[in-house]
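**Student:** Chains as they are written, first to last, in my numbering: chain A, 0 to 431; chain B, 23 to 283.
In structure tokens:
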């Protein structure tokens, strides 16, 4: 093991992140006891929209829930058995199977019975999302379900007609929510939630941008526990406030050269969700002075970036920073739609070259020595085009390897085999 | 400097002892259930053959699927890194080394010093590894050692559609029932595995010269099929199954890739 070269220490706000996450899952469980309502949907759903129903509206986003289940291998195996016994194929989205399995077993990953949602609100861009919640609603005995189709093309081809298509659906969605909940919608709460979401997702992009520093102030395994908050509650004030606090702390770490990995010598990036039950692979890298600085996935699943004047990537300027005042429901939904469509992790659905371009940018700007791609059999959406990305990176002269696995189904991941492939890659980099 | 390389392969453990670039002794045995014990046994046999005591070995480097349990090792190198070093040592013109072993097929690209620069692996599928040929030999009821020479007697190419060992076996049974000659079936088997390996290697980019190593390289039928499929000449060492162990033994002398255990 290499001798530490930099100072290192745990994040001061680490426990804040843990508490926020725990509270989020507890709130969903206890929502009805508190007189509130529950909705469930994808982490990419327009979560700011149900916020207009009141401050006591709590959500459960499916992908981070599926990842939580995946981390508990025994429970994940039970979920897979339960879904397969119902006749669902084992090559479907692993998060979705973890989620459906929890419903079928009536077991919540955090203990107790699975809390049924009052309504389901999601978006559809990957091949699974709409069916995920359609089936979830059926398994839960007929929970009302609304899905917004957001597959309108890449951001660099955006136009008003495409944005209108999304805005009109979310306008309809609000009317639908009022009907299924019997509540009156508050546009002011929507507007605040949109501001929160823009602030939170821009801040996360800023935090990721700070990781361009050498040594990297954050490692990807730690980032997984931090970015997750934006997949749970990107529209909530406490999420944006936490990221502001984290951003300030990470800035200090950059100034003081506090490293995530004290012996940092080589920098890699990964891609797609990791095999959640085997995150020790990321610590294994550190033994050889290798830090994973993140990935397009960690950065851009929720982080919103823009190209700055100097041509580099940085956090997107928020509407409030631009002095834009949102005054109406329609305007709020338009801002939200336009903001969301610039999400980096949505672009590859239209062309792998768009993703390859962003990956090359990260390699360049984050000073990455090599790329480790996870051919993730558990997520067809984020793995789409990944072999094309590998070819593009290789063509650009960037050392790249891939390993096969599954983010949520351990039957499709072999740690020892993967480590032997990683060993070879570390030899190529000169780290081993 | 005297060094030893131990290749803890999935089916066999191979040991090579090297002194200043010359092979002093080598040996192999089945990995069996207790791979560590098998390795200890063959290591000591090879030491005896070389007329050396263990203390005389300056470095012992392990590679292969079971390298973590290799006895006596104070260094390790990946299978791909060892292939590159070993293949390059035997053929300095080598830039691509293809290794087809019992459970895995892989291809490695190396530079003009024998250092691995890229690799690709045929993952989780017996259809690109020696196990495939073994299973097909059983289906044809012929000895594994005979299937290579037999396939060279084939009179025609029979396409084999299956991409999976299990289905390929049933396809072989169908061909037998259709009275296809064993030689033609043997060739179809080798063509099928060659297609897999060639397709995998093309993903890496084929750079000449191409060296073929690993136990399956002893199968003349497979070598013939792979040559035809890749459209390049293949350099095959006399004892291709020892190249991984040789590469491991070379590591302390080359000092590239690998690390201390």
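For every residue, glycine included, the Cβ atom is placed at its ideal position computed from N, Cα and C.
Can you have a look at residue 234 of chain A and say buried or exposed, based on whether 16 or more other CB atoms are within 10 angstroms of its CB?
**Tutor:** Taking the first chain and counting its residues from 1, one reaches residue 234 of chain A at position 235. Looking at its Cβ environment, which holds 16 or more other Cβ atoms inside 10 Å, residue 234 of chain A is buried.
**Student:** Report the rounded CA-to-CA distance for residue 348 of chain A versus residue 382 of chain A, giving the unit in angstroms.
**Tutor:** Working through the first chain from its first residue, we reach residue 348 of chain A at position 349. Working through the first chain from its first residue, we reach residue 382 of chain A at position 383. Their Cα atoms are separated by approximately 10 Å.
**Student:** Which whole-angstrom value describes the C-beta separation of residue 151 of chain B and residue 122 of chain B, a residue pair presumed to lie in contact below a C-beta threshold of 8 Å?
**Tutor:** Taking the first residue of the second chain as position 1, residue 151 of chain B is located at position 129. Taking the first residue of the second chain as position 1, residue 122 of chain B is located at position 100. Right, the Cβ-Cβ distance comes to about 6 Å (below 8 Å), so this counts as a contact.
**Student:** Excluding the five sequence neighbours on either side, which residues of its own chain have a C-beta within less than 6 Å of the C-beta of residue 118 of chain A, listed in chain order?
**Tutor:** Counted from its first residue, the first chain places residue 118 of chain A at position 119. The residues are 38, 143, 179.
**Student:** Who does residue 374 of chain A pair with in a DSSP beta bridge?
**Tutor:** Stepping through the first chain from its first residue, residue 374 of chain A is reached at position 375. Answer is A:403.
**Student:** DSSP three-state label for residue 182 of chain A, please.
**Tutor:** Here residue 182 of chain A refers to the residue found at position 183 when the first chain is read from its first residue. Coil at residue 182 of chain A, not helix or strand.
**Student:** Determine, using beta-carbon pairs with one atom in the segment 44–62 of chain B and one in the segment 129–139 of chain B, whether at least three such pairs fall under 8 Å.
**Tutor:** no
**Student:** I need the DSSP call for residue 320 of chain A, collapsed to helix, strand or coil.
**Tutor:** As a position in the first chain, residue 320 of chain A is number 321, starting the count at 1. Three-state DSSP puts residue 320 of chain A in coil, outside helix and strand.
**Student:** Shortest alpha-carbon distance to residue 375 of chain A belongs to which of A:369, A:384, A:368?
**Tutor:** Walking along the first chain from the start, residue 375 of chain A turns up at place 376. Residue A:384 is the option with its Cα nearest to residue 375 of chain A.
**Student:** Smallest Cα separation from residue 265 of chain B: which of B:241, B:237, B:63, B:249?
**Tutor:** Residue 265 of chain B sits at position 243 when you count from the first residue of the second chain. Of B:241, B:237, B:63, B:249, the residue nearest in Cα terms is B:237.
**Student:** Consider the Cβ of residue 206 of chain A: report whether some Cβ of chain B lies at a distance smaller than 8 Å.
**Tutor:** Here residue 206 of chain A refers to the residue found at position 207 when the first chain is read from its first residue. For residue 206 of chain A, the answer is no, since every Cβ of chain B falls outside 8 Å of its Cβ.
**Student:** Roughly how many angstroms lie between the CA atoms of residue 222 of chain B and residue 8 of chain A, to the nearest whole one?
**Tutor:** Residue 222 of chain B sits at position 200 when you count from the first residue of the second chain. Residue 8 of chain A sits at position 9 when you count from the first residue of the first chain. One C-alpha to the other measures close to 44 Å.
**Student:** Whose Cβ in chain A lies nearer than 7 Å to the Cβ of residue 281 of chain B?
**Tutor:** The sequence position of residue 281 of chain B within the second chain is 259, counting from 1. By Cβ distance, chain A contributes 431.
**Student:** Given that residue 140 of chain B touches chain A, what residues does it touch there, using C-beta distances under 9 Å?
**Tutor:** Taking the second chain and counting its residues from 1, one reaches residue 140 of chain B at position 118. Here the neighbours are 393, 398, 399, 400, 427.
**Student:** Give a yes or no on whether the C-beta atoms belonging to residue 327 of chain A and residue 186 of chain A are separated by under 8 Å.
**Tutor:** Locating residue 327 of chain A in the first chain gives position 328, counting from the first residue. Locating residue 186 of chain A in the first chain gives position 187, counting from the first residue. The beta carbons of residue 327 of chain A and residue 186 of chain A sit closer together than 8 Å.
**Student:** Counting only beta-carbon separations shorter than 8 Å, does residue 320 of chain A have a partner in chain B?
**Tutor:** To locate residue 320 of chain A, count along the first chain from 1; it is residue 321. So, not an interface residue.
**Student:** Name the two residues that bound the continuous beta strand (DSSP E) containing residue 291 of chain A.
**Tutor:** One-based indexing of the first chain puts residue 291 of chain A at position 292. Residue 291 of chain A -> beta strand (DSSP E) spans 289–294.
**Student:** For residue 219 of chain B and chain A, any beta-carbon pair shorter than 8 Å?
**Tutor:** In the second chain, residue 219 of chain B corresponds to position 197, counting from 1. For residue 219 of chain B, the answer is no, since every Cβ of chain A falls outside 8 Å of its Cβ.
**Student:** Using the C-alpha atoms, what's the distance from residue 429 of chain A back to residue 147 of chain A?
**Tutor:** One-based indexing of the first chain puts residue 147 of chain A at position 148. One-based indexing of the first chain puts residue 429 of chain A at position 430. Their backbone Cα atoms lie some 48 Å apart in a straight line.
**Student:** Between residue 99 of chain B and chain A, is the shortest Cβ-Cβ distance under 8 Å, so that the two count as touching?
**Tutor:** As a first step, residue 99 of chain B is located in the second chain; it is residue number 77 there, counting from the start. Taking Cβ atoms only, chain A reaches closer than 8 Å to residue 99 of chain B, which makes this a yes.
**Student:** May I have the straight-line CA-CA distance separating residue 188 of chain B from residue 409 of chain A, to the nearest angstrom?
**Tutor:** As a first step, residue 188 of chain B must be located in the second chain, where it is residue number 166. As a first step, residue 409 of chain A must be located in the first chain, where it is residue number 410. Going from the Cα of residue 188 of chain B to the Cα of residue 409 of chain A covers about 23 Å.
**Student:** What residue range does the alpha helix (DSSP H) around residue 437 of chain A cover?
**Tutor:** The structure shown has nothing for residue 437 of chain A, since chain A only spans 0 to 431.
**Student:** For chain A, find out if any of its Cβ atoms is closer than 8 Å to the Cβ of residue 30 of chain B; answer yes or no.
**Tutor:** The residue labelled residue 30 of chain B in the question sits at position 8 within the second chain. No, because no Cβ of chain A sits closer than 8 Å to the Cβ of residue 30 of chain B.
**Student:** Put residue 135 of chain B into one of helix, strand or coil per three-state DSSP.
**Tutor:** Position 113 of the second chain, counting from 1, holds the residue named residue 135 of chain B. Here residue 135 of chain B sits in coil by DSSP.
**Student:** Give the range of the beta strand (DSSP E) segment to which residue 37 of chain A is assigned.
**Tutor:** Mapped onto the first chain, residue 37 of chain A falls at position 38. Membership of residue 37 of chain A in the beta strand (DSSP E) is indicated by the continuous run 36–40.
**Student:** Just verifying my parser: in three-state terms, what is the DSSP assignment at residue 24 of chain B?
**Tutor:** Start at 1 with the first residue of the second chain, and residue 24 of chain B comes out as number 2. In the structure shown, residue 24 of chain B sits in a strand (DSSP, three-state: E or B).
**Student:** Hey, quick one: how far does the alpha helix (DSSP H) through residue 246 of chain B stretch, first residue to last?
**Tutor:** For this step, residue 246 of chain B is matched to residue 224 along the second chain. That run of the alpha helix (DSSP H) goes 242–252.
**Student:** Please report the distance separating the alpha-carbon of residue 405 of chain A from that of residue 290 of chain A.
**Tutor:** By 1-based counting over the first chain, the position of residue 405 of chain A is 406. By 1-based counting over the first chain, the position of residue 290 of chain A is 291. C-alpha separation (whole angstroms): 22 Å.
**Student:** With a CB to CB cut of under 6 Å and the five nearest residues on each side skipped, what residues in its chain are close to residue 93 of chain A?
**Tutor:** Position 94 of the first chain holds residue 93 of chain A. Only 377, 405, 406, 407, 408 meet the Cβ criterion.
**Student:** Could you run through the segment 40–71 of chain B and flag, in chain order, every residue whose CB is less than 7 Å away from some CB of chain A?
**Tutor:** none
**Student:** Which runs of the beta strand (DSSP E) fall wholly inside the segment 76–125 of chain A and span at least 3 residues, in chain order?
**Tutor:** For secondary structure counted as the beta strand (DSSP E) over 3 or more consecutive residues, the segment 76–125 of chain A holds these complete runs in sequence order: 118–123.
**Student:** Exposed or buried, residue 422 of chain A, counting other C-beta atoms within 10 Å across all chains shown (16 or more means buried)?
**Tutor:** On the first chain, position 423 is the one that residue 422 of chain A refers to. Per the 10 Å Cβ criterion, buried.
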